[in-house]
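Encoded as structure tokens, the structure appears first; notes follow it.
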Amino acid sequence: MAEDRFARTADRVAALQDERAATLAARVQAFVLPHGDERALDVGCGAGALALALAPLVREVVGVDRVPELLELARERAPANATFVEGDATRLELPDASFDLAGTLRTLHHVHRPELVVAELARVTRPGGRVLVVDQLAPIDPLEAFAVDRFERARDEGHERLLPDADLRDLFEANRLALLRSEREEEERPLDPYLDLARCEGAARAAAASLAPHGPRVFRVAIGWFLLERR
Numbered sequence: 070m071a072e073d074r075f076a077r078t079a080d081r082v083a084a085l086q087d088e089r090a091a092t093l094a095a096r097v098q099a100f101v102l103p104h105g106d107e108r109a110l111d112v113g114c115g116a117g118a119l120a121l122a123l124a125p126l127v128r129e130v131v132g133v134d135r136v137p138e139l140l141e142l143a144r145e146r147a148p149a150n151a152t153f154v155e156g157d158a159t160r161l162e163l164p165d166a167s168f169d170l171a172g173t174l175r176t177l178h179h180v181h182r183p184e185l186v187v188a189e190l191a192r193v194t195r196p197g198g199r200v201l202v203v204d205q206l207a208p209i210d211p212l213e214a215f216a217v218d219r220f221e222r223a224r225d226e227g228h229e230r231l232l233p234d235a236d237l238r239d240l241f242e243a244n245r246l247a248l249l250r251s252e253r254e255e256e257e258r259p260l261d262p263y264l265d266l267a268r269c270e271g272a273a274r275a276a277a278a279s280l281a282p283h284g285p286r287v288f289r290v291a292i293g294w295f296l297l298e299r300r
């Protein structure tokens with residue numbers, strides 16, 4: 070299960086988050102352009118990467134995750150206007166239309182039914198509010214997508230399935246989320262540290278490395294950024 074993997078690797082997740090914090094904060098500010106008075110939500114917050122990037126830019130931010138070990142690390146890093154609570158991204162115990170801005174960062178591919186997460190993001194966002202979705206994208210070619218998912222599952226037992234750009238846009242439309250802007254960025258990840266991040270070791274590591282779709286040294290991914298308005 071995804072939460073078991075993240076409980077075991079919480080220290081590594083938080084260390085990588087800290088390393089990337091300044092870059093993510095600048096990226097979020099430039100893409101979202103918060104007004105400063107929003108009540109914001111980070112769903113599947115992990116150790117709080119998105120919530121902590123938003124905290125200086127909004128009035129209040131709440132992070133929700135299922136992994137207590139990650140939530141504890143988030144709380145250690147939290148400023149006064151950020152709170153973190155345990156919860157299920159597919160069944161949020163939060164009122165309808167209670168946030169001005171709701172987001173999720175690199176979470177959907179760890180969820181068996183990502184459509185439920187998108188539906189919950191839309192439900193808890195007020196009409197006219199905004200939703201931020203950032204996630205790794207599946208290749209358009211089905212055979213390439215199969216190879217990437219096969220490798221990711223071998224590397225990380227918490228991986229479910231990547232969605233292509235078109236499928237994400239269909240989910241947004243189905244939940245009355247109108248696209249304001251989108252961007253796509255390419256990342257090249259050195260393979261060994263990427264395997265280390267998931268504590269992929271021993272025979273499992275050798276098996277995953279043999280499935281790496283881009284060779285023995287790097288893994289290339291596409292990340293989609295989507296900012297949407299709740300209609």
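Going by the working numbering, the residue at position 6 of the sequence shown is 75; the numbering climbs one at a time, nothing skipped.
Ideal Cβ positions, reconstructed from N, Cα and C, are used throughout, including at glycine.
Sheet register partners of residue i (DSSP bridge)
i    : result
F288 : R258
R160 : D157
Q98  : For Q98, which the question treats as bridged, DSSP gives no partner whatsoever.
T152 : V131
R299 : L246
Residue i in three-state terms, based on DSSP
i    : result
P196 : strand
E141 : helix
R245 : coil
R250 : strand
G293 : strand
D87  : helix
V186 : helix
E213 : helix
L356 : As displayed, the chain neither begins before 70 nor continues past 300, which places residue 356 out of reach and without an answer.
V112 : strand
R180 : Note on identity: in this sequence residue 180 is Val, with Arg being the wrong assignment. Of the three classes helix, strand and coil, the one that applies to V180 here is coil, per DSSP.
D218 : helix
A171 : strand
R268 : coil
V202 : strand
A120 : helix
T92  : helix
A307 : There is simply no residue 307 to check, as the chain begins at 70 and stops at 300 in what is shown.
A277 : helix
With 16 other Cβ atoms within 10 Å as the buried cut-off, status of residue i
i    : result
A99  : exposed
G271 : exposed
T176 : buried
D106 : exposed
A173 : It is Thr, not Ala, that sits at residue 173 in the sequence shown. Buried, since its Cβ has 16 or more Cβ neighbours within 10 Å.
T92  : exposed
R199 : buried
G113 : buried
G284 : exposed
H178 : buried
L212 : exposed
G197 : exposed
R253 : exposed
D15  : Look at the range of the chain in this structure, 70 to 300, and you will see that residue 15 is not part of it.
P183 : buried
D210 : exposed
E189 : buried
Beta-carbon proximity list for residue i, same chain, < 7 Å, skipping 5 on both sides
i    : result
A281 : F220, L260 and F288
A83  : A116 and L142
C-beta contact flag for residue i and residue j at 8 Å
i    : j    : result
A79  : G117 : no
L121 : R146 : yes
L296 : V101 : yes
E226 : R74  : yes
V153 : L110 : This sequence places Phe at residue 153; Val is not what is there. No, the pair does not count as a contact, with Cβ atoms beyond the cut-off.
E162 : D134 : no
L185 : T159 : yes
F241 : L248 : yes
L123 : V97  : yes
R299 : R245 : yes
A291 : A223 : no
R268 : R108 : no
Closer than 8 Å to chain B by CB, residue i
i    : result
D236 : The displayed structure is made up of one protein chain only, and chain B is not part of it.
Own chain partners of residue i with C-beta closer than 6 Å, once the 5 adjacent residues on each side are dropped
i    : result
A214 : A207 and P208
R81  : L266
Close Cβ partners of residue i (< 8 Å) along its chain, the five nearest in sequence each way excluded
i    : result
N150 : A124, V127, R128, E129 and V130
R193 : A small correction: the amino acid at residue 193 is Val; Arg does not occupy that position in the sequence shown. Cβ within range, chain order: L110, L161, L163, P164, D165, A166, S167, F168 and A171.
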